[in-house]
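Each residue of the sequence shown is one higher than the last, beginning at 600 in this note's numbering. Worksheet: one structure, shown below.
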Amino acid sequence: MDQRPLSRTDAIRLQVLERKILKRMFGSVKVYNQYRLRHNVQLYEIYWEPDVLQFLQLSKLRWTGPAHPGWTHQSIGYCPAYVSYHVNHPQFTSPSLIQVFLGLGGFMLSEIGNFSIHVALRDLRPPGSKERKIPYPTDNPFTKLFNLVSCPNYTYEFFSWFFFTVMTQCLPAGLFAAAGLYQMSVWAIGKHKNYRKEFPDYPKNRKAILPFVL
Numbered sequence: 600m601d602q603r604p605l606s607r608t609d610a611i612r613l614q615v616l617e618r619k620i621l622k623r624m625f626g627s628v629k630v631y632n633q634y635r636l637r638h639n640v641q642l643y644e645i646y647w648e649p650d651v652l653q654f655l656q657l658s659k660l661r662w663t664g665p666a667h668p669g670w671t672h673q674s675i676g677y678c679p680a681y682v683s684y685h686v687n688h689p690q691f692t693s694p695s696l697i698q699v700f701l702g703l704g705g706f707m708l709s710e711i712g713n714f715s716i717h718v719a720l721r722d723l724r725p726p727g728s729k730e731r732k733i734p735y736p737t738d739n740p741f742t743k744l745f746n747l748v749s750c751p752n753y754t755y756e757f758f759s760w761f762f763f764t765v766m767t768q769c770l771p772a773g774l775f776a777a778a779g780l781y782q783m784s785v786w787a788i789g790k791h792k793n794y795r796k797e798f799p800d801y802p803k804n805r806k807a808i809l810p811f812v813l
């Protein structure tokens with residue numbers, strides 16, 4: 600399967616073609632006794648499937664990822680529903696307020712850290728450039744995790760689910776955190792190996808996802 604990314608022009612052409620097909624499929628709409636073509640927003644209110652670009656991206660993940668991504672997307676949908684059932688069950692034992700606030704605080708800090716890492720990675724490559732660089736911490740203190748691991752975004756993602764589990768005291772959330780850690784570890788180890796292979800001066804003290812451990 601061809602893994603080359605689509606150019607912006609090709610992506611726009613594909614989206615335009617998809618909308619033309621959808622407009623033919625769903626027909627026009629009557630407004631004030633006149634018929635007109637549906638607007639794009641109206642099309643996607645009817646058509647709930649992933650658009651053509653999302654479908655291509657999922658297809659690439661299916662071929663290149665170490666595991667089928669479907670379980671991840673389904674779990675993200677099922678986990679909150681299961682957690683909701685669990686915490687609203689009459690026999691559920693609510694954690695203490697201290698535990699709730701500790702979990703909530705850790706969760707929020709982890710989400711801020713995850714966002715900070717994505718911003719740092721976005722700014723690593725100048726617009727329009729294909730230059731690849733070793734990611735290092737920025738002035739943002741949340742990016743200091745780059746000193747310890749190659750994929751701190753995955754680290755923060757796991758921390759988010761860990762603290763969410765602490766906050767809710769819910770076994771299904773903990774199982775999802777463990778499963779997510781396993782899958783993200785597979786991805787992180789692959790990226791870590793690629794970094795070390797591509798950059799001879801890559802920091803040797805960095806781990807893949809968990810500081811000092813993995």
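Glycine included, C-beta positions come from ideal geometry on N, C-alpha and C. Quick caveat, the model's predicted, so the values are computed rather than measured.
Cutoff 7 Å; reference residue i; Cβ partners in own chain excluding five residues on either side
i    : result
L701 : V765
F706 : S759, F762, F763 and M766
L636 : K622 and S627
F798 : I733
V699 : M766
G773 : T764
P736 : T742, K743, F745 and N746
L696 : none
L813 : S784, K806 and A807
Sheet register partners of residue i (DSSP bridge)
i    : result
V748 : K806
S695 : Looking at the DSSP assignment, S695 forms no beta bridge with any residue, so it has no partner.
S627 : L636
6 Å CB neighbourhood of residue i in its chain, flanking five on each side removed
i    : result
Y794 : S749 and Y801
K796 : none
N739 : S715
Y852 : There is no way to answer for residue 852, as the model of the chain reaches only from 600 to 813.
Residue range of the alpha helix (DSSP H) that includes residue i
i    : result
L636 : Unbroken run through L636 is the beta strand (DSSP E), Q633 to L636; no alpha helix (DSSP H).
I788 : L770 to E797
Cβ neighbours of residue i in the same chain (closer than 8 Å, five flanking residues each side left out)
i    : result
K732 : L723 and R724
P771 : C678, Y681, V682 and H685
L747 : N804, R805, K806, P810 and F811
N713 : N752, Y755, E756 and S759
Near the ligand FMN: residue i beta-carbon under 7 Å from a heavy atom
i    : result
A778 : The model on display carries no ligand, and the ligand FMN is accordingly not part of it.
C-beta contact flag for residue i and residue j at 8 Å
i    : j    : result
Y755 : S709 : yes
I711 : N752 : no
V719 : T742 : Sequence inspection shows Ala at residue 719; the Val mentioned does not correspond to that position. In contact: A719 and T742 (Cβ atoms closer than 8 Å).
A807 : A787 : yes
Q768 : P694 : yes
F757 : A776 : yes
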